[in-house]
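Here the structure comes first, spelled out in structure tokens, and everything after it is commentary.
In our numbering, the protein residues as written are 3 to 254.
And the structure:
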């Protein structure tokens, strides 16, 4: 099973974090590994065989201290305490101060952001698709973590659609620049198509993090669309699997 691990520095050794990739499971096409082998689809809502998803999640579970606190992601700005969540709440971010509780985000082009305070006492995970990002999902997640005691926070941006592939319309650009003029720097006009732009979601997320005082930012060097051997991509394939990015405090 191939995994990505955050390349952040100064994070306590008590923190666990990883992001799954496309390979290492048993799902068949179109949820496979892109090369005819089994895919590690972890999404139950995309049409894959429930048995395959169950086995894929079981394989992932062997790497974790507990079953992840799954969310029903709705491209919103709600943040929940993963340790207190009941069932599968409609939310796009979670945080925890409880050792052994696993915060998790599913993606297939949207940006997963993992967060940790340098004291190792609070962690969080946010689903930063463009709607949630423009609406303030990172602001809300950082605020919830600080209310729980976090101070100096580091962020890792996991695999998402890269700036060369993320073509958007004027409505997306306006959604960001209406909140911050600096966001205009993250949009490059598509010369052949008036009203279309290439958007850099990593830059937009970094701007949002810095606005709320998060300066330790790493990751952001991926493109789910352009790397079919490594990542699922909804924009590229339409019918596809989901990857997961997870973070937790190791129990003693």
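Note that beta-carbon positions come from the ideal geometry of N, C-alpha and C, so glycine has one too.
Exposure label - residue i; buried when at least 16 CB within 10 Å
i           : result
residue 7   : exposed
residue 1   : Not covered by the structure: residue 1. The range shown for the chain is 3 to 254.
residue 84  : buried
residue 245 : buried
residue 195 : exposed
residue 1   : Residue 1 is absent from the structure shown; the chain starts at 3 and stops at 254.
residue 70  : buried
residue 191 : exposed
residue 235 : buried
residue 49  : exposed
residue 215 : exposed
residue 146 : buried
residue 81  : buried
residue 2   : Because the chain here runs from 3 to 254, residue 2 falls outside it and cannot be looked at.
residue 223 : exposed
residue 257 : The structure shown does not extend to residue 257, since the chain spans only 3 to 254, so no value can be given for it.
residue 127 : buried
residue 193 : exposed
The alpha helix (DSSP H) enclosing residue i, as first and last residue numbers
i           : result
residue 133 : 132–137
residue 174 : 172–179
residue 59  : 52–63
residue 239 : 236–239
CB of residue i within 8 Å of CB of residue j, strictly
i           : j           : result
residue 12  : residue 120 : yes
residue 14  : residue 241 : no
residue 125 : residue 72  : no
residue 110 : residue 231 : no
residue 52  : residue 74  : no
residue 206 : residue 135 : yes
residue 77  : residue 131 : yes
Same chain, Cβ closer than 6 Å to residue i, five either side skipped, listed in chain order
i           : result
residue 233 : 24, 161 and 226
residue 219 : 157, 208 and 211
residue 152 : 119 and 124
residue 100 : 85
residue 108 : 45, 244 and 246
residue 21  : 6, 160 and 247
residue 150 : 99 and 124
residue 10  : 156, 158 and 220
residue 68  : 102 and 104
residue 144 : 214
residue 204 : 159 and 222
residue 114 : 107, 160 and 247
Neighbourhood of residue i by C-beta, 8 Å cutoff - its chain only, sequence neighbours within 5 removed
i           : result
residue 66  : 18, 104, 248 and 250
residue 326 : Residue 326 falls outside the range modelled here, since the chain spans only 3 to 254, and no answer is possible.
residue 61  : 3, 26, 27 and 42
Cβ shell of residue i (< 7 Å), same chain only, five flanking positions each side left out
i           : result
residue 58  : 27, 28, 29, 42, 43 and 44
residue 16  : 122, 251 and 252
residue 175 : 189 and 199
Run of the beta strand (DSSP E) containing residue i, from where it starts to where it stops
i           : result
residue 206 : Not the beta strand (DSSP E): residue 206 falls in the alpha helix (DSSP H), residues 203–213.
residue 120 : It is not in any beta strand (DSSP E) - residue 120 carries neither H nor E in the DSSP assignment.
residue 20  : 17–22
residue 83  : 81–83
residue 72  : Premise fails: residue 72 is in no beta strand (DSSP E) and is neither H nor E.
residue 247 : 245–251
residue 233 : Element bounds for residue 233: n/a, residue is neither H nor E.
residue 29  : 25–29
Cutoff 8 Å: residue i Cβ touching any chain C Cβ
i          : result
residue 15 : The structure shown contains no chain C; it holds only a single protein chain.
request  = Count the CB pairs spanning the stretch 197–204 and the stretch 165–184 that are closer than 8 Å, and state whether there are at least three.
outcome  = Output reads yes: the stretch 165–184 touches the stretch 197–204.
message = Below 8 Å, how does it come out for the stretch 87–100 and the stretch 138–152: are there three or more Cβ pairs, yes or no?
response = yes
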